[in-house]
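This report refers to the structure that appears directly beneath it.
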Amino acid sequence: IQTFAGDDRYILDYLLEEVLQRQPEAVQGFMLRTSILERMCGPLCDALLGAGDKVTREQGDMGGQWDIPLSSGYPVTQSSDHTFVSSQDILEYLERANLFIVPLDNKRQWYRYHHLFGELLRHRLQQKMGEIGVMALHRAAAAWYLHHTWQAEAIAHLLRAQDFERAAGLIEQNAEGMLQRNETAMLRHWLDVIPQDTVRAHPFLCLSYAWALVAQAQFDAAAMWVEYAETALGLSSEVTNLGTGSQRDAVDKSMLGHIAALHITIDSNRGSDDRVIKLAQQALDNLSADDALLRSIIAESVGEAYLRRNDIPNARRAFAESIAIGEKEGNIIAMLAALSGLGVSYVCEGDVHQAVRIYRQAIALGTSRGVGGQPVPATGLLHMHLASCLYEWNELDDALHHAQQGIAGCERWGHTMNLLDAYCILTRIQHARGHHADAIATLSAAEQVMDEACNRSLPMGQQILGLDWARYRIQVLQAYFRLQTGNVDAAARSVAQLVRQRHISEDDALPYLLRPRLYLAQGNVDAALSLLASARRHNEINNAPISWLLDALALQACAFYMKGNLPRSIETLERALLLGEPGNYIRTFVDNGTPMDVLLRQYAARGVASDYVGCILAAFSSPTHPGEESSAVSLGEALSERETEVLHLIAADLSNQQIADALFISINTVKTHIRRLYGKLHVNSRLQAVERARDLNLL
């Protein structure tokens with residue numbers, strides 16, 4: 070049934086013969102004309118019916134006549150049973166007769182046609198009235214909506230009427246308000262419909278198009294539309310960005326402010342931080358004090374630039390300025406973006422608790438300022454960052470909820486890069502919960518978002534630098550998951566492909582420290598240690614975010630342990646624990662799997678472990694799936710420390726030889742430990758041992 074359409078001849082014949090043609094002529098004409106409406110009320114339908122009479126006469130003057138009953142002359146008596154005084158009478162008649170009409174409220178005011186039936190009516194209308202007649206009806210609908218100050222609906226009908234010049238004028242009047250409300254997806258949709266030449270004749274529409282493209286990470290295309298605006302205004306790039314003179318004086322200051330803010334935002338997303346900081350001050354000097362929107366956007370971009378340079382104090386000052394402007398002027402979008410950056414600045418220093426407080430407050434703010442029962446779309450950015458923090462704390466249920474909320478918000482926002490970031494964190498959460506199929510599906514959805522964004526830019530022939538970086542991250546994440554699930558050969562092929570495609574140097578550890586993890590899985594511990602030492606030095610020297618250094622330290626501790634250097638392993642582990650405890654980092658350790666579990670248990674056995682170590686070990690022992698319970702089963706004889714290590718390695722699906730290599734014992738000793746395990750657990754196979762151990766809360 071999902072394949073049915075309004076031009077399906079069997080459905081068409083049935084509905085025409087059994088439904089439409091059995092109605093009074095006035096009802097048939099009413100249904101055909103009003104089928105162009107997404108929703109309808111009596112006065113709106115009256116406007117369309119009157120327009121239908123006028124247009125019919127015009128079409129007759131052009132040499133033709135439409136075969137549609139006219140609606141003038143209310144009251145119209147159709148039979149002894151039906152007298153219609155207004156369109157409202159017909160709407161109520163259709164509802165009573167159950168003729169494919171759906172009420173949208175409890176007041177019998179607004180209705181819509183069943184989607185399939187509406188499509189049939191529009192197909193029939195096109196046959197009867199032709200394109201010119203249908204466009205005339207759309208113009209009438211636009212005039213009614215405009216008279217009642219419903220701008221968005223008026224614009225939609227003007228676009229369907231191909232009245233592009235009037236539509237462009239209305240969009241231009243509404244564009245700045247839409248940008249402030251984050252309605253960039255709708256703005257982009259409208260401007261995509263209008264011919265480019267018409268858009269380019271309106272400089273502010275060019276800039277509005279550029280803002281919509283920035284939200285979708287299409288920075289090269291955005292820069293092109295900024296150039297179109299500059300050309301239309303008679304400005305050169307140098308004059309716009311850096312210089313002063315008579316050309317600038319002749320241009321509206323707000324327009325210049327938008328151009329400067331766009332250049333800064335585009336450069337910020339391209340990583341040109343020095344240029345962003347330089348241009349920002351010049352742009353602010355040329356903006357009026359009351360231009361809150363642009364000032365807050367510029368301040369937020371400057372904060373991001375400082376944050377990428379690990380200049381936390383200057384980043385926070387810029388974010389604070391953006392928040393203050395947004396709060397004073399009621400610009401919720403600027404506030405949410407700046408609050409997001411402020412939270413990230415605390416995460417960089419390892420103060421995850423403060424970041425979580427900021428994110429929760431910002432989410433409450435974005436929720437309270439929403440309309441129609443939905444939060445402000447930009448709130449999705451805060452949900453995404455909060456999900457990342459909750460993932461690190463191993464609060465996976467709450468993290469899952471906020472990641473899903475983040476995706477929903479970013480989808481409504483139309484912000485491609487933030488949406489892709491939300492998909493990535495959702496994937497990690499799903500993988501950590503053991504839902505590997507869901508994680509794969511989420512990555513596929515992220516790739517589809519990227520492909521769609523690329524396809525939107527193909528007509529312009531533009532490259533999309535931001536999306537290229539996002540694609541790289543997703544490819545790395547795919548390889549990382551292959552490694553985490555034990556598919557070492559597939560992970561190795563993925564890494565080799567990445568290196569070839571992107572000309573990655575041999576000393577690049579890759580995101581998620583993928584390359585040293587791969588070396589460890591392949592048994593090349595020395596190569597892994599070399600890369601990890603380099604990554605650790607780089608993070609320490611450059612004052613990198615705490616999470617980067619912590620990740621390198623945790624994996625380095627595992628590598629030293631696998632090398633057999635227990636003193637260095639314990640020393641490095643203690644450094645990682647000292648660094649991770651204030652922010653309660655959990656998953657950074659847990660995601661290193663069995664080697665970290667074994668190492669932490671050995672460390673705890675020395676009697677020096679803190680409650681923090683206990684929390685990490687508890688995360689290793691917690692069930693993968695929410696709600697999973699363990700049976701209360703007793704163990705006759707306690708396992709030794711070495712037997713516990715062997716048990717965890719069996720659960721990781723390591724072979725006897727791999728276990729021997731990991732623990733630096735002979736394969737015969739491994740077999741001895743396994744026999745003792747079987748005896749204590751009363752089992753006869755590896756699978757039974759793992760299942761029994763989970764029942765006993767030993768895994």
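With the first letter of the sequence shown counted as 1, position 193 gets the number 262 in the numbering used here; the numbers rise by one all the way through. Each residue gets a CB set at the ideal place from its N, CA and C atoms; glycine is no exception.
Let me make sure I understand the geometry here. Which of the options has the alpha-carbon closest to that of residue i?
i	options	result
residue 386	399, 298, 371, 165	371
residue 650	491, 282, 680	680
residue 724	748, 611, 269, 756	756
residue 689	501, 430, 402, 605	501
residue 709	736, 741, 727, 427	741
residue 238	524, 247, 250, 224	224
residue 541	110, 556, 414, 568	568
residue 369	358, 399, 360, 337	337
residue 494	553, 412, 457	457
residue 184	170, 221, 196	170
residue 721	448, 172, 667	667
residue 417	435, 381, 433	381
residue 663	118, 623, 619, 636	623
residue 358	397, 373, 374, 384	397
residue 390	412, 367, 322	367
residue 399	645, 431, 361	361
residue 739	749, 727, 750	727
residue 251	111, 115, 210, 401	401
residue 267	521, 236, 99	236
So for residue i, helix, strand or coil by DSSP?
i	result
residue 92	coil
residue 171	strand
residue 233	helix
residue 739	helix
residue 481	helix
residue 345	helix
residue 727	helix
residue 177	coil
residue 82	helix
residue 591	coil
residue 153	strand
residue 440	strand
residue 124	The predicted model places residue 124 with a pLDDT of 38, which falls under 50 and marks its position as unreliable; any figure quoted below should be read in that light. Residue 124: helix per DSSP, three-state reduction.
Answer yes or no: do residue i and residue j have a C-beta to C-beta separation smaller than 8 Å?
i	j	result
residue 684	residue 661	no
residue 713	residue 670	yes
residue 480	residue 488	yes
residue 191	residue 105	yes
residue 378	residue 342	yes
residue 482	residue 655	no
residue 406	residue 450	yes
residue 84	residue 189	yes
residue 353	residue 364	yes
residue 295	residue 279	yes
residue 659	residue 672	no
residue 428	residue 454	yes
residue 539	residue 548	no
residue 758	residue 747	yes
residue 583	residue 545	yes
residue 153	residue 95	yes
residue 243	residue 220	yes
residue 522	residue 285	yes
residue 155	residue 111	yes
residue 298	residue 328	yes
residue 589	residue 621	no
Counting only C-beta atoms, is residue i closer than 8 Å to chain D at any point?
i	result
residue 113	The structure shown contains no chain D; it is built from a single protein chain.
Q.
I want to know whether the region 458–474 touches the region 266–278 - three or more CB-CB distances under 8 Å.
A. no
(Q) Check whether the region 344–362 and the region 319–333 touch, using three or more Cβ-Cβ pairs below 8 Å as the test. (A) yes
**Q.** Complete runs of the alpha helix (DSSP H) confined to the region 610–669 [at least 4 residues]
**A.** 615–632, 635–649, 656–659
Q) Using 8 Å as the Cβ pair cut-off and three pairs as the minimum, do the region 590–602 and the region 623–641 touch? A) yes
Q) With a cut-off of 8 Å, do at least 3 Cβ pairs link the region 199–207 to the region 172–182? A) no
(Q) Quick test of the definition: if touching needs 3 or more C-beta pairs under 8 Å, does the region 425–444 touch the region 639–648? (A) no
Q: Could you name each continuous alpha helix (DSSP H) segment of 4 residues or more that falls completely within the region 453–500, going from the start of the chain to the end?
A: 465–482
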